[in-house]
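Encoded as structure tokens, the structure appears first; notes follow it.
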Amino acid sequence: MTKAYERLLKCYQCFKDKINFKPEVALVLGSGLGDYADTIRVEAVLDYHDIEGFPVSTVSGHKGRFVFGYVGDVPVVIMQGRVHYYEGYSMEDVVLPTRLMKMMGARVLFLTNASGSVNYDYKAGDFMMITDQISNFVPSPLIGPNEEMLGERFSDMSEIYRKDLCEIIRGAAADLQIPLQEGTYIQLSGPNFETPHEVKMCRILGGDAVGMSTACEAIAANHMGMKVCGISCISNLGCGMTDQPLSAEEVKETADRVAPLFKQLITESIVRIGKMI
């Protein structure tokens, strides 16, 4: 048994000692999107500080807790604040919450984030369903001794974002008449925003949106056999695509503006996913 797995088991036992709830869907809320957790039927809350050995988010606006409850009739666990590689945590720390939610019982991981567009066809406030990703700019969370209890050594990544889940999200957006872009997400390390030529590089590589999270979590979830889907909230156009400097305030302002539509799309998608699983 690896040390990472032993640590994971300790976190899981801590959860079991405090919370009696089995989620089916795990939802990770990105920057500016955390208020969604306050709108569901909440059954329990578990602060990250109350889990022994659990990494704690240091980013402003990330509440740092698990929220357990129901979206419609679907039991969910929501991460209200994630841990980022740029905070100085190891990649093992960054994906520990994902692995823990799988151990809690979640079979689907629904990832969200606020990201910058490198695609000129996108505008601030758009939603982009993630259909693929590029994660080569940060270390793989699977580096190091492999724990067979989690997944196989060489994990297939040919369909990280499951086509059946993407079809559900696509249908939900169409029925709600919410415009939905589709594209490839690139994770860079951060915390600095990208330079104009880094944005150009991402576009040349085939990226549509860029951010500082998500891809590593998707890899860890896929490794464990979870079904993965994701939506990026496009908070701004990338550096060099406009004359406007980038700021964290712009990210929050955009997220706040589109929050009502985001809530509708996430809720309807999870309700439909619940019927599938």
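All residue numbers in the sequence shown are consecutive under our numbering, ending with 277. Quick reminder that beta carbons are idealized off the backbone N, C-alpha and C, glycines included.
- Closest by C-alpha distance to E24, out of G72, M201, Y185, is G72.
- The three-state secondary structure of G116, taken from DSSP, is strand.
- Counting other Cβ atoms within 10 Å of its Cβ, M128 reaches 16 or more and is therefore classed as buried.
- Your pair V28 and V118 does not check out as a contact, with CB atoms roughly 22 Å apart and the cut at 8 Å.
- Residue environment analysis places M226 among the buried positions, since at least 16 neighbouring C-beta atoms fall within 10 angstroms of its C-beta.
- By a beta-carbon distance limit of 8 Å, K22 does not contact L46. Their separation comes to about 14 Å.
- In this structure C11 is not in contact with L142, their Cβ atoms being roughly 19 Å apart against a cut-off of 8 Å.
- If you draw a 10 Å sphere on the C-beta of G171, you find fewer than 16 other C-beta atoms in it, and that means exposed.
- Spanning the alpha carbons of G240 and P196 requires a straight line of approximately 5 Å.
- DSSP places Q181 inside the beta strand (DSSP E), whose first and last residues are 181 to 187.
- The C-beta distance from Y36 to F262 rounds to 7 Å, short enough to meet the 8 Å contact threshold.
- Within the model, the alpha-carbon separation for P75 versus I130 is close to 23 Å.
- In this structure, DSSP gives P141 a state outside helix and strand, which the three-state scheme calls coil.
- Annotation: the continuous beta strand (DSSP E) that includes G69 extends over 65 to 71.
- Beta bridge pairing from DSSP links C233 with A114, F127.
- Note that the stretch 219 to 234 touches the stretch 134 to 151; at least 3 beta-carbon pairs, one per stretch, sit closer than 8 Å.
- A distance of 8 Å or more separates the beta carbons of G64 and Y86.
- Only exposed fits L205, as fewer than 16 other CB atoms lie within 10 angstroms of its CB.
- Boundaries cannot be given for G32, as no alpha helix (DSSP H) includes it and DSSP labels it neither H nor E.
- About 5 Å separates the CB atoms of P55 and Y89; that is less than 8 Å, so the two are in contact.
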